[in-house]
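In what follows, a single structure is set out as structure tokens and then discussed.
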Amino acid sequence: MADENGKAGQQQLEGEKRWGAGVIPYAKMGYWEPDYVPADSDVLCCFRITPQNGVDPKEAGAAVAGESSTATWTVVWTDRLTNYKRYQAKCYKVEPVPGAENQYFAFIAYNIDLFEEGSIPNLTASIIGNVFGFKALKALRLEDMRIPTHYIKTFHGPPHGIVMEREYLNKFGRPLLGATTKPKLGLSAKNYGRVVYEALRGGLDLVKDDENINSQPFMRWRDRYLYCMEGVQRAQEQTGEIKGHYLNVTSATMEDMYERAEFAKEVGSVIIMIDLVIGYTAMTSMAKWSRKNGMLLHLHRAGHGTYTRQKTHGVSFRVISKWCRMMGVDHIHAGTVVGKLEGDPAMIRGFYDTLRLDHIPENRAQGIFFDQDWASMPGTMPVASGGIHAGQMHQLLDYLGEDVVLQFGGGTIGHPMGIAPGAEANRVAVEGMVKARNEGRDYVKEGPQILKDLAKKCQPLQVALDTWGEISFNYESTDTADVAETPTPA
Amino acid sequence: MRVTQGTFSFLPDFTDDEIKLQLEYALQNKWALAVEFTDDPHPRNSYWDMWDLPMFDIGDASAAFMEVKKCREAYPNHYVKVTAYDPSPNRATTAFDLIVNRPAEEPGFQLERTEVHDRKMNYTVRSYAADKPHGERYQTNGK
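Chains B and R are the protein sequences, given in the same order.
Everything in the first sequence is counted per the working numbering, starting at 1 for the first residue and increasing by one.
Everything in the second sequence is counted per the working numbering, starting at 1001 for the first residue and increasing by one.
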């Protein structure tokens, strides 16, 4: 047919032609609707699609809309027993990706009634359910979502949020400091608790189990909890500050997780931790448990790199961030910019804004495709962890701001003078940098000098600077924004 | 010991000029300053006594600093802190807090352990200062 790839070819069919048995293109079934004006209550998605050779991008977009909502591969008459026009997702715009060949941004609107209230498992079963294995596409990536406030309001959100966490911990005005206990595997419970105690008494606010510390033969969970709490309590006594250790409750079953969380509560921990690999249902359950029991909830994003890192296929981390804030976690690892793990500065800024702010305007240079309103849902505290050290404090404060947990694992425990001096170096560096910023100094430019001056009165900081100097991990990012215009700094 | 609550407790105590710069920063951000004092620095003591009401209408760092000075003079052996309050929507909490006075001797805390069962321990942190009644704490020089 001559008009197969033109506009006429994409038009929705009616009557006999639409409902006759057999296979017709998704676009013609009504999943392509260029004139559609999204409703305020619609869920909107932006997918990056890479169609198979010869597949029209509009048809590809329509196919994604179809497969992620009501469609199956052939016409079914039972559609006519439903309010199908309402339930069909509509691809309303397709744009070529600037600078990329055969990739398109497809914008799709979903009626809110397609999704169960307060259920990320249900939302994701539609949006990323079947469609990512779809043969007509070479690759597919969910870049961003606009969650309407109507739907946001059905979610639990962080058990406490940034403001309540700060009031609970009695810590204001500066990034919080943490560390992951190292080595991550192999320490006995008593030695493990020693690391916790030293890091906290030295000046850190929080210490953390690593994602893969659960209950192994070398250290069972109950023993770890008991020794960690001894360390936490001793550090509180020594400093007069609230201290915490994220006790990882990740385990094989919900029953095990509840048991561990209950015990963490009994022994007086202020915070527990889960891994992303436990799944969305388990995360939501733990969010509810945490609010009910006054427990801060830390999320380690274990596993996310398998689907967030490559630009053409998977789910962007900004979408994961959004889902996690909705399900409800108080902390989430979200990148460091300067550390050892993937992180383009503009992309990280987009993740941090998504987690912390109440209104985030569209900003393609930061990978944000839609305005997002959170309707006053409290923010989730981003956590920066992996290959960062005191010598980068000015950059960390500049890139990541104040509402962040900076986690210096190696940068504390690997300090030549010991763990407590390592912690002290980080604490002096962060307080000194915030002081300089508040005093109106150009702390980013003067950062190295500010640190040197602080180190004159703090030997552990001097040693930290001598040891790690200006070490940073400069590799090209894989996940960057694709925008036509040159981005201007905000 | 040194109680390390507050935004800047790991730095040497601020000079008056350094304190004023922080007050200035708060006022630039339209945060309200307030002065509080206590003789019980327990980490869970959320309610230090207020030195008058928060200074919602004082936009001048020198004027705010006068209140800091007055409080310090009235309670030279107490902990005194100045807090900046951020009233913005979805925030409405402390923006930073700065300890501006400490007792000459900080007696610190005791960790009380109660062994319960199955190797479990119940912990309580107690301020040594709270052994004495209000008004009699930190009075080492007969003041």
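Every residue, glycine too, gets a C-beta built ideally from N, C-alpha and C.
Check each candidate in B:Thr478, B:Asp35, B:Met229 and B:Val75 and name the one with the smallest Cα separation from B:Gly25.
Here residue 25 of chain B is Pro; the residue named in the question, Gly, does not match the sequence. Nearest option by C-alpha distance: B:Val75.
Grouping DSSP H, G and I as helix and E and B as strand, with all else coil, what is B:Asn212?
Here B:Asn212 sits in coil by DSSP.
Beta-carbon within less than 6 Å of B:Val55's beta-carbon, same chain only, minus the 5 sequence neighbours each way: which residues are those?
Ala136
If we define contact as Cβ-Cβ less than 9 Å, is B:Pro491 a contact residue for chain R?
The requested residue 491 of chain B is not part of the displayed model; chain B covers only 1 to 490.
Taking B:Ile108 as part of the beta strand (DSSP E), name the residues at either end of that continuous run.
Tyr104 to Tyr110
Looking at chain B, is there any beta carbon in it that lies within less than 9 Å of the beta carbon of R:Phe1109?
yes
Nearest to B:Asp40 by CA position, among B:Glu59, B:Ile112, B:Ala346 and B:Ala334, is which residue?
B:Ile112
Going by CA-CA distance only, name the one from R:Pro1089, R:Pro1076, R:Ser1088 and R:Thr1094 that's closest to R:Val1082.
R:Thr1094
Kindly list the residues whose CB is nearer than 7 Å to the CB of R:Phe1010, restricted to its own chain and excluding five residues on each side of it in sequence; keep chain order.
Correct list, in chain order: Thr1004.
Going by C-alpha distance, which of B:Val277, B:Ala484 and B:Val483 is nearest B:His304?
B:Val277
Tell me, please, which residues DSSP counts as bridged to B:Ser385.
B:Gln407
What does the alpha-carbon distance come out to for the pair R:Gly1142 and B:Met393?
Caution is warranted here: a pLDDT of 42 is assigned to R:Gly1142, below 50, making its placement in the model unreliable, and the coordinate value is therefore given only provisionally. Looking at the two C-alpha atoms, the distance is approximately 45 Å.
Measure the alpha-carbon distance for B:Leu461 versus B:Glu255 and round it to whole angstroms.
45 Å
Does chain B have any CB closer than 9 Å to the CB of R:Glu1003?
This sequence places Val at residue 1003 of chain R; Glu is not what is there. Closer than 9 Å: yes.
Quick check: is the beta carbon of R:Met1055 nearer than 9 Å to any beta carbon in chain B?
no
Identify every run of the beta strand (DSSP E) within the segment 14 to 99 of chain B, keeping only runs that are complete inside it and at least 3 residues long; order them along the chain.
If only uninterrupted beta strand (DSSP E) runs of at least 3 residues are considered, those enclosed by the segment 14 to 99 of chain B are 43 to 51 and 90 to 96.
So, is B:Lys435 buried or exposed, given that buried needs 16 or more other C-beta atoms within 10 angstroms?
buried
Note down, in chain order, every chain R residue with its Cβ under 7 Å from the Cβ of B:Ser376.
Ordered by position in chain R, the residues that pass the 7 Å Cβ test against B:Ser376 are Asn1090.
Based on the DSSP output, what are the partners of R:Tyr1127 in its beta bridges?
The sequence given here has Ser at residue 1127 of chain R, not Tyr. Answer is R:Phe1109.
Which residues of chain B have a Cβ atom closer than 8 Å to the Cβ of R:Thr1038, listed in chain order?
Those within 8 Å of R:Thr1038 in chain B number zero; the least Cβ separation is about 12 Å.
Buried or exposed for B:Thr412, going by 16 or more other Cβ atoms inside 10 Å?
Around the beta carbon of B:Thr412, a 10 Å sphere encloses 16 or more other beta carbons of the protein chains shown; the residue is thus reported as buried.
Buried or exposed: which applies to B:Ala8, given that a residue is buried once 16 or more other Cβ atoms fall within 10 Å of its Cβ?
With a pLDDT of 45 at B:Ala8, under the threshold of 50, the predicted position of this residue should be treated as unreliable, and no value is reported.
Under the three-state reduction of DSSP, which class applies to B:Lys445: helix, strand or coil?
helix
Could you check whether the Cβ of R:Leu1027 sits closer than 9 Å to any Cβ belonging to chain B?
no
Less than 9 Å between the C-beta atoms of B:Ala109 and B:Ala89, yes or no?
yes
List, from N- to C-terminal side, the beta strand (DSSP E) runs of 3 residues or more that fit wholly inside the segment 290 to 324 of chain B.
296 to 300
Measuring only between beta-carbons, confirm whether B:Gly328 sits less than 9 Å from chain R.
no
Who are the Cβ neighbours of B:Gly20 in its own chain at under 8 Å, not counting the five residues just before and after it?
Val75
To which residues of the same chain is B:Gln366 closer than 6 Å at the C-beta, ignoring the five residues directly before and after it?
Ala346, Arg349 and Gly350
May I ask you to verify whether the segment 115 to 125 of chain B touches the segment 62 to 70 of chain B, counting CB pairs closer than 8 Å and requiring at least 3?
no
Helix, strand or coil, according to DSSP, for R:Phe1037 in the structure here?
strand
Looking at R:Met1001: is its Cβ nearer than 9 Å to the Cβ of R:Pro1107?
yes
Rounding to the nearest angstrom, what Cα-Cα distance links B:Trp374 and R:Glu1115 in this structure?
Distance between the alpha carbons of B:Trp374 and R:Glu1115: 46 Å.
Name the residue from B:Met326, B:Phe369, B:Pro378 and B:Gly268 whose alpha carbon lies nearest to the alpha carbon of B:Glu165.
Nearest of B:Met326, B:Phe369, B:Pro378 and B:Gly268 to B:Glu165, Cα basis: B:Pro378.
Within 10 Å of its beta-carbon, does R:Pro1087 have 16 or more other beta-carbons around it, so buried, or fewer, so exposed?
exposed
Looking at the unbroken alpha helix (DSSP H) that takes in R:Glu1067, where does it start and where does it end?
Ala1061 to Ala1074
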